[in-house]
Amino acid sequence: MIKSRWMLFLFVLFSAGAIAAGAHAEVIGAPQPWEWYFRTAATPVQEDLIWFHDLIFWVEVVIVLFVMALMIYIVVKFNAKANPTPSTRTHNTFLEVIWTVLPVLILVVIAVPSLRLLFFMDKAKNPEMTLKITSHQWYWSYQYVDNGGFGFDSNLIPEADLKPGQLRLLDVDNRVVLPADTEIRLLMTSEDVIHNWAVQSFGVRLDTVPGRINETWMKVPAAKIGTYYGQCSELCGVNHAYMPIAVDIVSKQDFQRWVEQAKTKFASADDAAPMKVVQAETQSSIDAR
Amino acid sequence: MDQTNRLKEQQRGIRLTVAGTLLFVSAMVGLVAVAEPLYKLFCQVTGYNGTPRIAEGQSSPGGVAETMTVRFDANVNREIAWKFKPAVNQVDVRIGEEMLAFYEATNTSSEPLVGTATFNVMPERVAPYFNKIQCFCFTEQVLKPGESVQMPVTFFIDPDMLKDQYARDIKTVTLSYTFFLNQDQSKAKALSATQANYSN
Amino acid sequence: MADTHAHAHHDHGDHGEHAHHPTGWRRWLYSTNHKDIGTLYLVLAIIASFVGVGFSMMMRLELAEPGLQFIHDQHFYNVILTAHGLIMVFFVVMPALIGGFGNWFIPLMIGCPDMAFPRMNNISFWLTAAGLILVALSTVVGGGAGTGWTVYPPLSNHTFHPGMSVDFAILSLHLAGAGSILGAINFITTIVNMRAPGMTFHRMPLFIWAMFITAFLLLLALPVLAGALTMLLTDRNFHTAFFEPSGGGDPIFWQHLFWFFGHPEVYIMIIPAFGIISQVVSTFSKKPVFGYLGMAYAMASIGVVGFVVWAHHMFTVGFNVETRAYFIIATMVIAVPTGIKIFSWLATMWGGSIEFKTPMLYAFGFIFLFVVGGVTGVTLSNAPVDMAFHDTYFVIAHFHYVLSIAAMFAIFTGMYYWLPKMCGKMYNEKLGQWQFWITFVGVNILFFPQHFLGMAGMPRRIADYPDAFAGWNMVSSSGAVVSLVGALLFFYILWDTLRNGAKAPANPWGIGATTLEWTVDSPAPFHTHEILPEIKAEPAGHH
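Those sequence lines, one after another, are chains A, B and C.
For the record, in the first sequence the residue sitting at position 135 is 135 according to the numbering used here, with numbers rising by one throughout.
For the record, in the second sequence the residue sitting at position 61 is 350 according to the numbering used here, with numbers rising by one throughout.
For the record, in the third sequence the residue sitting at position 411 is 900 according to the numbering used here, with numbers rising by one throughout.
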């Protein structure tokens, strides 16, 4: 009882928060209390993913209900009282073939859309901009490679500093801002251990691995402008729970304005030291040594 | 009599079975012992993990009409106090044409440091067609305190890529490097030793 | 095998061995008797389960509400989730299903006096026991290993876990792994060479088939784990760079090695369960197993295919799309033999005269909940959907349905089914059925809401979560309390049986129980099948 009242309170708090944060973009991709389904999809990839999940889901529901029905029938008909003399039947070739072939067919029905979606989500056709994401213990840093190369760190807002409407464990000091209607290439790597940049509404979930770059993409239509949340999804040490992801999707014009501001806000002094060219060595010259 | 025969037979069977199981175990141990070089070889041959081809000593086959954008990405591990970035963010190259690009590295610490770089290219599908002729990543780099250097990379993209139906529609490829602090810092130590001698 | 003639007589003659089998602590420490060693394994599993389940209860307690109430140190939370995983896998499920039931019933069911190498059997057990001590130590020395049971580098390397804790965990798995390999060699040798006259491969009970296949999986998978762990150990302590990018290594290489072992490992835990369920379903339906050969070869094919699907645990590491496509298809293939097993169990029960005693209730529950956990496996096998679920509570829900629920249900099934044979006393049937229903309700309340949490995107391995996830977490934690009641009731039943249980007859289960272990007295005497039984009839389900 107490619990549910408390939940209601939380819910009211969230709704009030969402209104209070009106100055900011509308929160779309945040988890809701008692949620038992996906968050709102923001990208075509996630929309397809949800559609495909639902296809598998209903196939599975049918299978589970079918097995359940058989088991209920068995309980009723074949308990020791109802059926004192057991049959001795141990073979039925027809049945055995059916329950081998039918699952194969069901799996083919699942596999075809699965592979189609897999190849669709794998690579962007022609991304217009690139966001470089680097993970650290325990925060994210973002670099706008194609927009002047500025970058910033994105840290969790500690519980004590939360303003009304900000979500505990989800809101960050510097949100990533990205334009809508734009195909965006996401490049990810890590500075220390393996992390994972996951924003469910985008259908993006990719490990950041030290020493290598990973690539994926996203595109949010203008109709889905708003704020989206995600969390680190690979155990990365003590503060694994405290490195959330918050993304503002804004219109292209707003994004340009934001970039101009951000360039000065996040400007970094770049020292120009004299350069010398090193002689690159080839593998063979190393082997020769 | 029958019983002893049976036992003898059984003993033989047991010896054979144990030999068989031990063979299984040693085969798996052998496999895992060579797994590391095999994995590296596999990555190099298939471009798995975005491992580009090493084509030192080869020359490029010559450019074709199609072009491609090559982007350069640079990372520094937190254990090495270097700055590291590409001279330019991206270049357009003709496929098959040999290309020279530069990265810039600066040692921002107050001691000499030895760094080594790892690298990969993304999308992974392009990796087997991405040939590196010359590269700083093959070797340890020693930077004196405050020293900055330019590091060249020579590469070409194999025109065979255009025959690969899964790769030919990719228009952009990213070449990424990450500098790590080398576990073997003896070269840096030697350097500081000689410097110490100079100042004396 | 109702028409099997077992000429085993235990009442005659003083065998020399009888005179000097050790008593007291020596009987257990030096034990070479398969029944005593089986008992030791079961006791080990029970002790380990106190720790493993205790840790899970601590986690559920912390997760009941958002915010940190009880565990203020996140690293400590990571340490107990790591220890929970390692202990439950290596020191509860494996010792119970393989070491415990395997040692007890392989010789009894195939009709031989003991395992092929009784002394090696002793070593296997004590290696496992030493492993348990080391893994327990790993939680306290050097700050504890907070790496997850997957021990992914770089998090598990010297930089991020500088203490000795990870080394202890590695050595623990080395010892337990060595013990399991020796055990597997023992099992295979025994099953291949020491079956009673007339018991051909195709006449073996399905439990024996299951143990035979499991032993092969152990033999093939564990050396890979051992090799990978050794590399990690040298990376941590001797400056090698197998998984260190700074030295030209690749952390993803660890994941390939680990899951090449890790995926067969899940079948190592579930195939013995399949075997137990097959025996129990046949016994209580009073029918031979339906499609005996299909069942045996379904298990074998699950074992084989299990070796070529490992990278479905790594769909988000960023490897190429063709590889992912292959692993999707290969993984889904496993659903086919699994389906054969499910439907064959249903067909075994079909037309049967089923007595729903506690073991049968558990077997029944196993089948249904394994289907529920199995279908979410098909969901997860699809890499595109895994983009939404990887490392969320959906995965937790899935593998707890097939392990925490299904494998644990199989352990309960086996315990209730064979307890009369092992201790010679009957458990309290009414209490047993209560225990089943409490556990059944508890685990479902515990794990079903975790599907919802996963759908909403709650990451696993966090002690504190955004407030929106509060509701289902509270439900899940209350389910944990109910499950705990079920577990405690089980220990009470165990104690009650040993103390007050009525004397069990040689075969308490009636005409359905046709395997050889029911032809010897209850409790099974110290030495059994010294005169080999002779199997003259076709086996169960092979008319």
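All C-beta atoms in this analysis are idealised placements derived from N, C-alpha and C, irrespective of residue type, glycine included.
Quick caveat, the model's predicted, so the values are computed rather than measured.
How about residue i: is its Cβ closer than 7 Å to a heavy atom in the ligand GTP?
i: A:M188; result: The ligand GTP is absent from the structure shown, which contains no ligand whatsoever.
Going along the chain, which residues of its own chain have a beta-carbon closer than 7 Å to the beta-carbon of residue i, five neighbours each way excluded?
i: C:G635; result: H564, N567, V568 and T571
i: B:V438; result: A394 and L432
i: A:T40; result: I28, G29 and S201
i: C:T772; result: W998, G1001 and A1002
i: C:Y905; result: T847, P848, Y851, Y916 and G921
i: C:G631; result: G652, M653 and S654
i: C:V770; result: W834, T837, M838 and A852
i: C:F1079; result: Any answer about residue 1079 of chain C is impossible in this case: the structure gives chain C only from 490 up to 1032.
i: C:P511; result: Y519
Taking its Cβ as the centre, do 16 or more other Cβ atoms sit within 10 Å of residue i, making it buried, or is it exposed?
i: C:E754; result: buried
i: C:N989; result: exposed
i: B:Q423; result: buried
i: C:E918; result: exposed
i: C:F1015; result: exposed
i: A:Y144; result: buried
i: B:G346; result: exposed
i: C:G513; result: exposed
i: A:V250; result: buried
i: C:I622; result: exposed
i: B:S475; result: exposed
i: A:E159; result: exposed
i: A:V177; result: buried
i: C:T678; result: buried
Taking DSSP as the reference, what is the three-state secondary structure of residue i?
i: C:H647; result: coil
i: C:M548; result: helix
i: A:K163; result: coil
i: C:Y641; result: coil
i: C:E1023; result: strand
i: A:P103; result: helix
i: A:G22; result: Unreliable placement is indicated for A:G22, whose pLDDT of 40 sits below 50; the coordinate value is still reported in the next sentence. Correct three-state label for A:G22: helix.
i: C:V755; result: helix
Please return the same chain residues whose Cβ sits closer than 6 Å to the Cβ of residue i, not counting the five positions on each side in sequence.
i: C:V932; result: I894 and S972
i: C:I670; result: L711
i: A:A23; result: In this predicted model, A:A23 has a pLDDT of only 41, less than 50, meaning its place in the structure is not dependable enough to derive any value.
i: A:A21; result: In this predicted model, A:A21 has a pLDDT of only 42, less than 50, meaning its place in the structure is not dependable enough to derive any value.
i: C:G672; result: S613
i: C:F979; result: Q924
Check the Cβ of residue i against every Cβ in chain C and list those closer than 8 Å, keeping chain order.
i: A:D54; result: Within chain C, no residue comes near A:D54; the closest Cβ sits about 10 Å away, beyond 8 Å.
i: A:L186; result: Within 8 Å Cβ-Cβ: nothing; A:L186 doesn't reach chain C, min ~11 Å.
i: B:Q454; result: Within 8 Å Cβ-Cβ: nothing; B:Q454 doesn't reach chain C, min ~12 Å.
Listing by chain order, which chain A residues have their CB less than 7 Å from the CB of residue i?
i: B:R236; result: For chain B, the structure presents residues 290 to 489; residue 236 of chain B sits outside this window and is missing.
i: B:P412; result: K123 and E215
Near residue i, which residues of its chain fall below 8 Å by C-beta distance, leaving aside the five closest residues on each side in sequence?
i: C:D724; result: P642, N646, H647, A730, F731, F732, E733 and G738
i: C:I760; result: A699, I702, T703, L706, M788, I791 and G792
i: C:G783; result: I829 and S833
i: C:L987; result: C912 and K914
i: C:I817; result: H801, S870, N871 and A872
Below 8 Å on C-beta distance, what does residue i contact in chain B?
i: A:K263; result: Chain B residues near A:K263: none, gap ~15 Å exceeds 8 Å.
i: C:G863; result: Ordered by position in chain B, no residue passes the 8 Å Cβ test against C:G863, which lies about 28 Å from the chain.
Could you name the residues of chain B that residue i contacts, counting a contact when the two beta carbons are closer than 7 Å?
i: A:N126; result: K460
What does residue i touch in chain A if you count any residue whose Cβ is under 9 Å from its own?
i: B:G339; result: R212, I213, N214 and E215
So which residues of chain C does residue i contact, with C-beta pairs closer than 9 Å?
i: B:V318; result: P712, V713, A715 and G716
i: A:Y37; result: F941, M944 and A945
Applying a beta-carbon distance threshold of less than 8 Å, which residues of chain A neighbour residue i?
i: B:S465; result: L187, T189, R212 and I213
Give the residues of chain C in contact with residue i, contact being defined as C-beta atoms less than 7 Å apart.
i: A:F266; result: Per Cβ cutoff of 7 Å: no residues; A:F266 is ~27 Å from chain C at best.
i: B:L470; result: S735
Segments assigned alpha helix (DSSP H), at least 4 residues, entirely inside the stretch 808-877 of chain C: 810-822, 824-838 and 847-870
Any beta strand (DSSP E) of 3 or more consecutive residues that is wholly inside the stretch 112-197 of chain A: 129-136, 139-143, 151-154, 176-179 and 184-190
Runs of alpha helix (DSSP H) lying entirely within the stretch 876-952 of chain C, each at least 4 residues, in chain order: 882-888, 897-912 and 918-944
Complete alpha helix (DSSP H) runs within the stretch 21-81 of chain A (minimum length 4 residues, chain order): 44-77
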